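Participant: Here you go, one structure.
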Amino acid sequence: MPTGSTGQLAGIVLTSLLVIGAGAAMSVYFGRRAKTSQDWLAANESLPLFVVVITQFAAASGGGVLIAHVGIGYSSGWSVFIYEGCVLVGFLLLMLIARWLREQRFTTVPDVVTRLFGQNRLLTAIAAVAALVVPFGWIATQFVAFARLFGQLTGIPLPVLVAVIAVASLAFVLPGGLTSVAWADFVFGLFKITMALVVAIYGIQLAGGWTHVTQVVPQRLWGFEGVTAVGWQQIWLWAAAIIPGTQTNQLYYQRVFATKRISDARRGLGLSGLTMLISGVYAGCIGLAVHAMNPNLASQEDAAGWLLTQLPSWMLIVFAAFLVSTIVATSGAALQSVTANLTRDVYQNIAGKAASERRTVALSRLLTIAVSIVAAVLAVVFPQALPWLVATYAYSAAALAAPIFLGYVLHRRRHLTPATAIASMVAGIVGCGVAQVLDTTVPYAVYGIATSAVVLLLMAAATSSKRADAPASTVRSEIVRER
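Just so it is clear: in the sequence shown, position 296 is 296 by full-length UniProt numbering, and no numbers are missing.
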């Protein structure tokens, strides 16, 4: 049911439509820079460092921060910084290969795998599925998060709200693909950073100020010990899922591929990881503030929704704009990422289809609409499917982590074959599945990644010991010339 008066609801709807309209207008404006299919799929190495940093933050801070992370702050205090810290560690590790990624001028994650191991349709197909499953899950869950939160605010039925956010996401992507998404996300990202800090401060004041919060909330949540209040077992689970998941998430790779200067590739990831700590400030402060006002919620993930019922009309309207900008930025980025996989990897590389620049862009737009419709239907039919994100992260990392990082380490020393990568990815998926069925104490993603790594090393050792046909410098120059 709606939480306020007709005037308040009208204000929320109007503000939300203004934010969506502003995002669509920015996408059209910046989309004019997309002149080729490469601009549409990969922004064609055109993004300056400051845009890369903020657009990474905007893409990563979506509905999960608004609901799940606030829930962590509510039940476990500053432990939310451990979660954000795992994302930061993932970015820092990805920095190790960032310069090489940018030098090779890739478009998607399967491009990386096939460059390391060789062209093979089955290899491309497995890598494409592993790469797109996470961003596709993001699309559906952003739709669900939007519908849930705005359903509480307005009383509008979930299917209608899912349709609204799906159209808004399309408005971000269709004008110029990654070029329009990245620049619109940059503007929205600045707004999100500002609003996250404002809302965090306001939430604490609404709860009676920090002094009152510390009086009524157990010290184990807000004190220094609050960083580990969630428990070491949960921290281990987060580290095992989030760090490798971050290292294999195509959304982050695409922004590395799109940097204007090669030197920006590493710096962009490091600075982007640091900006994620802002999400921890927001989620931790809001979670603790809600805990101070209502420590007896049935579920920790109800914290964000309950806060909405306590905000005055003017703040609720402002907060609505924050919610829309947060969710649509992430859903738009994920939607473009999935489309890039389908266009580049499935249509061009697996099906072997060639098309003109104009036809490729037109196909990408049609696929964007189709993916959005499928995700919207799933969001309506399975509105409780958010926990499946954990599984998509686990299986994606199990398939891709070892081939990307070990492949990078070995590719100049050994002859790596498509069969090696295929065996490694299949082993990772199987190992992950077996561990999940056995309900192991150690997260099943760890078993999947470990199995994938062992199989890759064994397969690499079984093939020719070194790239005797060419020295490392020659191999490097051949790799560059291929593009």
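Here a beta-carbon is modelled for each residue, glycine too, at the ideal position from N, C-alpha and C.
Treat the numbers as computed from the prediction; the structure is a model and nothing was measured.
#1: Could you check what DSSP says for T259 in three-state terms: helix, strand or coil?
#2: Can you tell me the Cβ-Cβ gap for L400 and L367, rounded? I've got them flagged as a contact below 8 Å.
#3: Is it right to say K192 is buried, meaning 16 or more other beta carbons lie within 10 angstroms of its own, or is it exposed?
#4: Return helix, strand or coil for L342, following the three-state DSSP convention.
#5: Of the residues E103, A196, F172, which one's Cα is nearest the Cα of M315?
#6: Would you decide whether E84 is buried or exposed? Buried here means 16 or more other CB atoms lie within 10 Å of its CB.
#7: Is G155 buried or exposed, if buried means 16 or more other CB atoms sit within 10 Å of its CB?
#8: Ordered along the chain, which non-local residues of its own chain (more than five positions away) have a Cβ less than 6 Å from that of Q56?
#9: Between the region 9 to 21 and the region 306 to 324, do three or more beta carbon pairs fall short of 8 Å?
#10: With DSSP run on the structure shown, which of helix, strand or coil describes L311?
#11: Report yes if the C-beta distance between L132 and V338 is below 7 Å; otherwise report no.
#12: Between L307 and chain D, is the shortest Cβ-Cβ distance under 7 Å, so that the two count as touching?
#13: Look up G363 in the DSSP assignment and say whether it is helix, strand or coil.
#14: Note the first and the last residue of the continuous alpha helix (DSSP H) segment covering V442.
#15: Within a Cβ cutoff of 7 Å, which residues of the same chain sit near L237, ignoring the five residues on either side of it in sequence?
#16: For the alpha helix (DSSP H) containing A24, name the first residue and the last one.
#17: Does the beta-carbon of L323 have 16 or more other beta-carbons within 10 angstroms, so that it is buried, or is it exposed?
#18: Assess contact between the region 159 to 176 and the region 19 to 33, defined as three or more Cβ pairs (one per stretch) separated by less than 8 Å. Is contact present?
#19: Restricting to Cα atoms, I'd like to know which of N296, A59, L18 is closest to W183.
#20: Restricting to Cα atoms, I'd like to know which of G284, L335, V381, R102 is closest to A370.
#21: Going by DSSP, what residue range makes up the alpha helix (DSSP H) through Q215?
#22: When the Cα atoms are used, what is the spatial distance from F106 to T259?
#23: Determine the burial state of L308: buried for a count of at least 16 other Cβ atoms within 10 Å of its Cβ, exposed for fewer.
#24: Which whole-angstrom value describes the C-beta separation of A398 and G431, a residue pair presumed to lie in contact below a C-beta threshold of 8 Å?
#25: With DSSP as the reference, label L41 as helix, strand or coil.
#26: Hey, could you find the ends of the alpha helix (DSSP H) Q300 is sitting in?
#27: In whole angstroms, what separates the C-alpha of I126 from that of A329?
#28: Rounding to the nearest angstrom, what Cα-Cα distance links S396 and G245 in this structure?
#29: Report the three-state DSSP secondary structure of A421 (helix, strand or coil).
#30: Which residues in the same chain as D264 place their Cβ atom closer than 6 Å to its Cβ, once the five residues preceding and following it in sequence are excluded?
#31: Using 10 angstroms around the beta-carbon of L17, count the other beta-carbons present and answer buried if the total reaches 16, otherwise exposed.
#32: Just verifying my parser: in three-state terms, what is the DSSP assignment at L101?
#33: Tell me whether L335 sits in a helix, a strand or coil according to DSSP, three-state version.
#34: Please report the straight-line C-alpha distance between R102 and G203, rounded to a whole angstrom.
Facilitator: To lay it out plainly:
#1: strand
#2: The Cβ separation is near 22 Å, so there is no contact.
#3: buried
#4: helix
#5: A196
#6: buried
#7: exposed
#8: R255, S272
#9: yes
#10: coil
#11: yes
#12: Given the protein chain composition of this structure (a single chain), no chain D is represented.
#13: Rather than Gly, the amino acid found at residue 363 in this sequence is Leu. Helix, per DSSP.
#14: Where V442 is concerned, there is no enclosing alpha helix (DSSP H), given that its DSSP letter is neither H nor E.
#15: P443
#16: 6 to 31
#17: buried
#18: yes
#19: A59
#20: L335
#21: 210 to 216
#22: 11 Å
#23: buried
#24: 7 Å
#25: helix
#26: Premise fails: Q300 is in no alpha helix (DSSP H) and is neither H nor E.
#27: 28 Å
#28: 7 Å
#29: helix
#30: L49
#31: exposed
#32: helix
#33: helix
#34: 41 Å
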